Amino acid sequence: ESRYNPAAIETKWQRVWADQGLDRADEDPTKPKYYALSMFPYPSGNLHMGHVRNYTITDVISRVRRMQGCRVLHPMGWDAFGLPAENAAIDRGIPPGQWTYQNIAQMKQQLKHLGLSYDWNREVATCAPDYYRWTQWIFLQFYGAGLAYQQEAAVNWDPVDQTVLANEQVDSDGRSWRSGAKVERKLLRQWFLKITDYAEELLQDLDKLPGWPERVKTMQANWIGKSTGAEVIFVADTGDEISVFTTRPDTLWGATFMVLSPEHPLLAKLTTPAQAEAVKTYQQQAAAKSDMDRLADDKEKTGVWTGSYATNPVNGEKVPIWIADYVLMGYGTGAIMAVPAHDQRDFEFARQFGLSVKVVVQPDDQPLDGETMTAAWPHDGRMVNSGPLDGVPAGKGDGESVTTAIQWLEANGKGQGQVNYRLRDWLISRQRYWGVPIPMVHCPDCGTVPVPEEQLPVCLPESVAFSGRGPSPLATLEDWVNVPCPTCGALAQRETDTMDTFIDSSWYFLRYADARNQERVFASTKVNDWLPVDQYVGGIEHAILHLLYSRFFTKVLRDRGLLNFDEPFQRLLTQGMVQGLTYMNPNKAGKDKWVPAHLVKDPDNPLDPDTGDPLERLYATMSKSKGNGVAPGDVLAKYGADTARMFILFKAPPEKDLEWDDADVEGQYRFLNRVWRLFTEFIDERDTASPWQVTVPPAAELSKPEKELRRAIHTAIKEISADIEGDYQFNTAVSELMKLSNALNDAPCKESPVYAEGMQTLLLLLAPFAPHIADELWHQLGHDESVHRQPWPQVDETALVADEITLVIQIMGKTRGTIEVPAESDQAALEQYARESEVAQRYLDGQTVKKVIVVPGKLVNFVVAK
Ligand code: ANZ
Ligand code: ZN
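Taking my numbering, I'd label the letters of the sequence shown as residues 84 to 949.
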């Protein structure tokens, strides 16, 4: 009898599967397709438990679908451009490409050890020229469609290193990660993609995604941020028209001042000489703040008067024009009409600067007074002091104030209904090296010229010196920058910005369908065949940007005739975090507060080794700073991939957080060992020379234990199939596997063909979860073909029917006991069994039964005379 040796069998089967091409996407057109996708990783060099969890989930799904007869596409690749590679180059002098490819090799090795069934022939790396060539080609498609344009925008500028910084390189104090200098905002001409053209469709089509978590759809909808209201024009005394966007045009009669964003272009004309100094100072202060700070509700309102007035178009009243940082230039028109009685920010501003407050919505019960009210009233009521709107109920519905106001504004030529989106165009320019070069050339005569398709890819130059200085590392490479203009041949300059790496990941799922195509971005037939992705799995951190950008790309490519579906990801699963045990010192702040478990001497009385403070014990997302990470490699070395997979699947449902627990890992290891022993005993007893075949005799010929075992087998098939089908309840599926294994272990009929059926079924059901041990034992049973090529077991419904049922005996509605009776018994028979039962005899002794209630299949209740 051999021992379970995961290290040996796992390496062996990984090699066999690779040799046999078991994981290749099967192209057999007669089979239904299934596309299972995990979000591809950034090649940081090391796999963490979050990856392991993510990839195990799609792997189980893929393996089940294959057994269910689908042709499955289950690919893997690398989101390989980005800043860390450049930092490595700066810090350690390794070229970004070399660092990246080393990491890819290392992580690929780790993935292979997990036994993940990827079609490696379709691997993509976004930093490879044969991938980014097509990223550039897609950019040109956007450009051709008028969806890529250049405009000035602010970047983070490090005045010491003289370089542009990514947001991640600026700390929470607004300082550069390298020089420590206070980061400035600097305007540069940059590239944008016009995602706002698709705002409405991106919002509407969320309804086409019933397989997405509601919360992700809500996050996307909020990000798009659709508001309906009106645009209204106020005319300043200078004659300039100031347009405002408001969601409450009904409150126009209560507008007592205006507020412009400090960046508003009309300020130069509106500001009076007396106010010029104050306005300028305020503008400078505002420029130093982030939008987030500016919008924060909790701070004191600040602002400055411009010295000018405008006329409220609905009632001709003069209102002063102010500037304040709570109005952003990037939203609406960058100017608002302030209605302090009904908008809280406007209210605080009015009180701060002594501006008048005029009530136009009067609640029924508690009349408001603009002089004395202490907060804005943003709720229901009736319109007052509002000319044509007087008496109309406040609200957005038909016949209510907002709709009525828009009709009135349009009829009187004073404004019009307007829809506004919070979504901004996508700024894709990065002043970095390790990214896709934007394929554009700037010619002094022709202007901005796209690089012709046949000249793609515009390759990244390989020998670059990284000083961490200058506007962009590419801009310093004169040989690379200076090229003839593609149109006129004059000396021109390449665009030196590279693309945001989110672009790379906005189309990788399409490339997998035709990953080795050297002629085209992909064949539409292949993409239309494999896509949309049936199941996408990844972290909630990508709920907004990555998913929104991917949906946007899909729609643009659809409109360019390259594919024929609207949405790329049919179903989405956002898996929970993997958490590790850690300790926290509540008296400390920041990263210092974490005390790794290995430093805690007595877990029953955890104390900070430095200060002696009592510590709190908790589970938190694994991270370096908390010292609570578990390295996948360590777990694999100790227990093997099958145990790691089983533990992860068993410990929590996929979308819930998972607490790492060594005892539970151990538990799964013991379970696989039990399975192993069960089989080695079985195999020792069997004559393995004869071909493996299970013929179960008809039910009538089975003994009671055989029937019971068959019921356990088919219950397992039924439950596990249902767990997998619905919400991927892998945790309960693993419990069912354990139940079946126990039933087999306890079965008194180990010689029976039913037992053989059960053993075979256990392996088939185990195969997607613990693929190595399942295939090993399958072969030991005498099979030649892999367990992963077998059909998923089918439920025999007749096996589920019980011979006997448990009948509850009640007296006056109170349960007094149960008896086993034949399942087919009719009402009369049930009553008879119940009357004859020992329980009934005991309780009914000397009583008169007035009535008997029989619930077939469940209970008999005796009603007796009092
Ligand atoms: C007058 C008013 C009265 C407003 C009232 C609200 C309540 P959402 O729903 O987010 O679209 N606003 C418009 N542009 C702005 C900007 N650039 N920066 C800051 N605030 C801006 O919000 C729209 C409302 O936010 C608009 O409606 C405007 O204030 C303000 F009782 O106009 B409202
Ligand atoms: Zn030219």
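Idealized CB from N, CA, C, for every residue including glycine. Just so we're clear, the structure is a prediction, and the values are computed from it rather than from any experiment.
Residue j beta carbon less than 8 Å from that of residue i
i	j	result
L640	L646	yes
M705	H134	no
T778	P836	yes
G390	A433	no
S262	D244	yes
S310	T416	no
K384	Y409	yes
F636	W590	yes
W240	V207	no
L741	N711	no
D597	V610	yes
V444	G464	yes
A313	Q501	yes
V387	A361	yes
I731	R136	yes
Y811	I140	yes
W161	F123	yes
A573	P567	yes
L761	I800	no
Contact test: residue i Cβ vs the ligand ZN heavy atom, cutoff 7 Å
i	result
V532	yes
A264	no
C153	no
A119	no
A407	no
Whole-angstrom C-beta distance between residue j and residue i, which should lie under 8 Å
i	j	result
N668	D687	N668 to D687, Cβ: 17 Å. No contact.
T889	T901	5 Å
C153	Y117	4 Å
T279	L631	Not quite, the Cβ-Cβ distance comes to about 12 Å (not below 8 Å), so this is no contact.
V683	L701	About 12 Å separates the two Cβ atoms, so there is no contact after all.
W517	P179	4 Å
S512	W336	Going by Cβ atoms, the distance from S512 to W336 rounds to 45 Å, so no, they are not a contact pair.
P332	G498	7 Å
L845	S824	6 Å
Same chain, Cβ closer than 8 Å to residue i, neighbours up to 5 away in sequence not counted
i	result
M729	Q751, F754, L755, V817, F852 and A853
K709	G663, T665, W677, P679 and A703
Proximal residues to residue i (C-beta, below 6 Å), its chain only, five neighbours per side dropped
i	result
P348	none
P831	P788
Y138	S121 and L199
M302	A626 and I627
G482	none
H855	I92, E93, W96, G198 and D725
I177	A171
I419	V327, V342 and V410
V155	Y117, S145, R148 and R149
Heavy atom of the ligand ANZ within 7 Å of residue i beta-carbon
i	result
R507	no
L276	no
H425	yes
P954	Because the chain in this structure spans residues 84 to 949, residue 954 falls outside the shown range and cannot be described.
A420	Before going further, note that residue 420 is Met rather than Ala in the sequence given. M420: yes, Cβ under 7 Å from the ligand ANZ.
P348	no
L411	yes
S344	yes
Y365	no
P403	no
N305	no
N398	no
beta-carbon residue i near the ligand COA non-hydrogen atom, thresh 7 Å
i	result
T330	Among the ligands modelled here, namely the ligand ANZ and the ligand ZN, the ligand COA does not occur.
Same chain, Cβ closer than 7 Å to residue i, five either side skipped, listed in chain order
i	result
L223	P522, P533 and E536
P471	W491
T657	P296, V299, G621, G622, I623, A626 and E738
E454	none
Which complete beta strand (DSSP E) runs does the stretch 169-242 hold, if anything under 3 residues is left out? 231-241
Length-filtered (3 minimum) beta strand (DSSP E) runs lying within the stretch 504-557
Within the stretch 504-557, the complete beta strand (DSSP E) runs of at least 3 residues fall at 523-526 and 530-533.
Runs of alpha helix (DSSP H) wholly within the stretch 348-432 (minimum 4 residues, chain order): 350-353, 356-370 and 374-378
Inside the stretch 711-741 only - alpha helix (DSSP H) runs reaching at least 4 residues: 715-722 and 724-734
* What are the uninterrupted segments assigned as alpha helix (DSSP H) that are 4 or more residues long and contained completely in the stretch 787-822, given in chain order? -> 787-808
Note to self: Extract the residue ranges of the beta strand (DSSP E) inside the stretch 609-667, only unbroken runs of 3 or more that lie entirely within it.
What the structure shows: Runs found: 616-622, 652-658 and 661-667.
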